[in-house]
Amino acid sequence: MTTPRSVALERLAYTLAAPVLAVAPNIYPDSPVNQVVQLAGAAGIGGWVLAAKSDEPGAGRKILRWTPFVAAAAIDVAAKTTTSWGPYWLDGLLAAGWAAAGLLVLPYSRHARRRHHRPALAAPVPQPAPAEAAPEPTVPLPDDGADLLTREARMLWERAGMPARTHVVKATRHPGMRHDLTLLLRASETGRPITGLSPEAVGAAFGVPAADVTLADVPLQPGRQGGPGWMEASITPEANVRRRTKPTDAERWVDRVAGPKGGAPGSVLVHRTRDTERGVTFYRAKMADSTETPRIDLAKVCRGLGLPEDDSCVFVLIDGSEFLISAFDTPPLSQIFPATRELLTPDAKGMFVCGFTITGQPVKNMVFQHDKNAAAHGLVLGVSRSGKTQFFAINMAAESLAGQVVWLSTVRKDEKTTTLGQYIDRQGSNALWMARQLRAAKALCEIRAEMPWPHDGKPHDYKPGDPRCPYRQLNVYADEFMTAAQDGDFGEFIQTDGDDLTVTGLKYGIGFKPAGQSPFAHNGFSTEMKDNLRQNSRPVIFNMGSPGATRKAAEGTMENPHDVPTIPVRYSRSEGSAIERAMRGEADPENGVSTGGVAVIVLDNGRAVLMRSLYADFDTDLAELFPDEVNRLTDYEISELEKRGLWFDWNEPARPGEFWPEPDEDDDGDGKPRRRGGAGQGGGGRGSKSGRRAEPKVTSPRQALEAIRSLTDA
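Residue numbers (my numbering): 593 to 1306.
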């Protein structure tokens, strides 16, 4: 930075005056120079006093201004007082220090100048900027007979400097709006694309926020050009105000639901429908890109649409790239659907109505598999009091109406299963009864495999609905199968025969239908059993205790898990604000409705549907749902079972040698039975977990593997 001239002169004065202060008092004590210096110092002291007493601002600056004179006078007096040049040349050192203070603490003259009359520092002379290229002259456009709105828009556009070198071709006012309009723009130079045009530039030209400006390409129309040299600018301040305060359904969907942070990003609302009679509002939507799969956050969708976040009233149904959101006024699944014989009577394909969905659509289950020409298995899951036994009742009624035989076993006796026993062939309530039931059903597979058909005298596989079939379909129900499979005495028989029945039963017209609280292997459902049940039935999952457990159980029965609906513990409508109740110290309303009877049914395509099963009132006579006569096995089947010692009163205690051989006197002398593989005279089944086995002779790898599997005492 260049040093100002006043500063340079002041530094020069300090440099020249310093030798005078040191020499004059010692060589010329009576010189007038000493008197001038002392008078200047006295004047400086007077200036200090006046500055200190003054009330005007700048006293410190005035004191600093007189300091060099006072300091010079003090040095002069000191030089005259000392002998010669003073000890250690003190006079010269004081003069040099005074000059150094003036040079380094710089310079006092700056404190004497005021800001408004300080000379500017020397600065480099600014170089003239290179002359810019003169803007191309805009070719004046001929009068094209534009209307008043277009001419006014052009005036504002030209006043803004023709942003992005464009020209307003036409301005069109939006219907019913005073300030909303659309500008048709083109590049001023023919053949040049429009670049650099922004909503901010358009908004500045017309005095509206940039958020109210939308730029779009110009579609090709007959008689008008298009392409990169043309553009449309929509200016909609009025419409945006209305959109923020009173948006339409489509606008609310775009602004609050379909955005990147919305509940259904990338979706488009197809239409909104209100069904007043049923008290439900439907929002049908689809993905803008049909190749995408909907990603729906139902809670976000509810907040975006202003709906209550209620999992008992708002549901979503996904079908490919489309989906349907149903918002009910009251919980739809709290409605009771009484079972009737008309609904439970199967059609020609073996399908009957077992419940209704949230939208009122009937849900069907099957008593046999028409497409596979085989019987049907079943899988029912749910915690206690979730509605499993109710579902048993309507399924047994449908099977009985189709002329089929039904057996039911449970681990413990209860009122409902005992009531059902009056309308079916056989019913019992303990693990021993279930083991006998499964053993007899397994033996029936062998009997029916050799049972001749009357039309040709040869045995055939089961064909549902074929009048020539000499036997009826048998449906074997095992309630609380998980608990029974873990029984200490008969659990292994139950699990082994259940596995075999799911594999071999279908071709002989025997369907196995276990029920429990878990579909997983560690709870009695082997992988083979679960796979066969899943592929040959429509699994039904009632409330499993929590939405997470229900979803996990449903996914465990689906080959490819889809979105699984949620079953809450109770249906509870949201009333008022939880925050306001907390501030007032009020209790939450107790308005829960049980979800008993609500289930997720997995259809053939793997899609999980939420339904309310039909209600069979056990307090009334169930005879209206069942046929007049109970369907039973044929005499031939019963006689064959009797030959095998499997047809008797299954409520009897375990017979000697029925499941494991009788104790041998030579067996270690302890009198305990030795339980071997096999089930005695009853046929098939492995020994109990609590008994000892005779070691089989192993002569092949397969026998070795079977021996390993049979080790239960290890």
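Every residue, glycine too, gets a C-beta built ideally from N, C-alpha and C.
Comparing alpha carbon positions, the residue from 871, 638 and 1227 closest to residue 1040 is 1227. Within the segment 907-940, the runs of beta strand (DSSP E) at least 3 residues long that lie entirely inside it are, in chain order, 914-920. DSSP, reduced to helix, strand and coil, places residue 817 outside both helices and strands of the structure shown, so it counts as coil. By the C-beta criterion, the segment 1123-1139 is judged to be in contact with the segment 961-970, since at least 3 inter-stretch pairs fall below 8 Å. Contact between residue 1095 and residue 1149 does not hold, since their C-beta atoms are separated by about 18 Å, which reaches or exceeds 8 Å. The three-state secondary structure of residue 875, taken from DSSP, is strand.
Fewer than three pairs of CB atoms, one per stretch, sit closer than 8 Å, so the segment 909-927 makes no contact with the segment 940-947. Counting the other CB atoms within 10 Å of its CB gives residue 1176 a total below 16, which places it among the exposed residues. Between residue 1201 and residue 949, the CB-CB gap stays under 8 Å.
If you ignore the 5 residues before and after residue 994, its C-beta comes within less than 6 Å of the C-beta of 938 and 959, all in its own chain and listed in chain order. Annotated three-state conformation of residue 1011 is helix, per DSSP.
Partner residues in the beta bridge of residue 1069, as assigned by DSSP, are 1000 and 1105. The beta carbons of residue 1107 and residue 956 sit no closer together than 8 Å. With respect to the 8 Å criterion, residue 1035 and residue 1236 are classified as neighbours on the basis of their beta carbons. When the alpha-carbon of residue 799 is set against those of 1221, 1032, 772 and 814, the nearest one is in 772. Within the model, the alpha-carbon separation for residue 1008 versus residue 1016 is close to 13 Å. In the DSSP assignment, residue 1027 falls within the unbroken alpha helix (DSSP H) covering 1023-1041. Counting of Cβ neighbours within 10 angstroms places residue 901 among the exposed residues, the total staying below 16.
By the neighbour-count criterion, in which a residue is buried when 16 or more other Cβ atoms sit within 10 angstroms of its Cβ, residue 1169 is exposed. Secondary structure at residue 764: strand, using DSSP grouped into helix, strand and coil. Taking the C-beta atoms as reference points, residue 779 is found no nearer than 8 Å to residue 765. CA-to-CA, the gap between residue 992 and residue 1056 works out to about 14 Å.
Assignment of residue 988 by DSSP, reduced to helix, strand and coil, places it in the helix class. One thing to note: residue 1082 has its Cβ within 8 Å of the Cβ of residue 1023. When rounded, the separation of the alpha-carbon atoms in residue 1013 and residue 879 is 52 Å. Between residue 792 and the set 1122, 832, 827 and 1209, the nearest pair of CA atoms involves 827. Three or more Cβ pairs closer than 8 Å define a contact, and the segment 1047-1055 meets that threshold against the segment 1090-1105.
Ranked by Cα distance from residue 834, the first of 1061, 768 and 1070 is 768. As the crow flies, the alpha-carbon of residue 1187 is around 23 Å from that of residue 1002.
Here DSSP, grouped into helix, strand and coil, assigns residue 1208 to coil. Unbroken alpha helix (DSSP H) runs of no fewer than 4 residues, entirely contained in the segment 739-786, are found at 740-751, following chain order. Where residue 957 is concerned, the enclosing beta strand (DSSP E) starts and stops at 954-958. Here the alpha carbons of residue 1214 and residue 929 stand approximately 15 Å from one another. Below 8 Å, enough C-beta pairs join the segment 652-667 and the segment 620-639 to call them touching: three or more. Excluding five sequence positions before and after residue 639, the CB atoms of its chain that fall closer than 7 Å to its own CB belong to 654 and 658, given in chain order. By alpha-carbon distance to residue 916, the top candidate from 932, 882 and 862 is 862.
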